[in-house]
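Peer 1:
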Amino acid sequence: MRQKIKKGDNVEVVSGSDKGTRGEVLKVLPKESKIVVQGASMRKKHQRQVQTQGRSMAPGIIEYEGNIHISNVMLVCPKCDEPTRVTLLREDGEVRRICKKCEGEIS
100 MRQKIKKGDN VEVVSGSDKG TRGEVLKVLP KESKIVVQGA SMRKKHQRQV QTQGRSMAPG
160 IIEYEGNIHI SNVMLVCPKC DEPTRVTLLR EDGEVRRICK KCEGEIS
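According to my numbering, the stretch in the sequence shown is residues 100 to 206, in order.
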């Protein structure tokens, strides 16, 4: 199935503990049907000091974004600035994404 959300899109989390959070899509994992959203699903990792190629990584607690299932987010339309469903319109070999609310094109 073709993914309707791409890297660089703005999305809003619609379910889960981060409900209502808006952020940019940093990574799309199509085989797992998951995405990574900036500022949502924050995880903590305890990092040891590691030395590689003469440089050392600082130890401590590192925060990073975890992945979220793609069904738990909705694309935010840049024109109407609301979370919306998306339809794909195919014309002359091109595929365009269209907002279901304002019927504007999403680039």
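Heads up, the beta-carbon is just placed ideally off N, CA and C, and yes, glycines get one too.
Quick caveat, the model's predicted, so the values are computed rather than measured.
1) Within the same chain, show all residues whose beta-carbon is closer than 8 Å to that of Q102, passing over the 5 residues directly before and after it, in chain order.
2) Quick check on the burial criterion: 16 or more other C-beta atoms within 10 angstroms. Buried or exposed for E111?
3) Between P158 and the rest of its own chain, which residues show a CB-CB distance below 8 Å, the 5 nearest in sequence each way excluded?
4) Could you check the C-alpha separation between I197 and N109 for me, to the nearest Å?
5) With DSSP as the reference, identify every bridge partner of L128, one or two as the case may be.
6) State the DSSP-derived secondary structure class of S140, mapped to helix, strand or coil.
7) In three-state terms, what does DSSP make of S41?
8) Considering only the alpha carbon of each residue, which of E162, G153, L125 lies closest to K144?
9) What residue from V175, D180, I205, K106 has the CA that sits closest to L187's CA?
Peer 2: Let me spell this out:
1) V127, P129, I169
2) buried
3) Q146, R147, Q148
4) 15 Å
5) K133
6) coil
7) The structure shown has nothing for residue 41, since the chain only spans 100 to 206.
8) E162
9) I205
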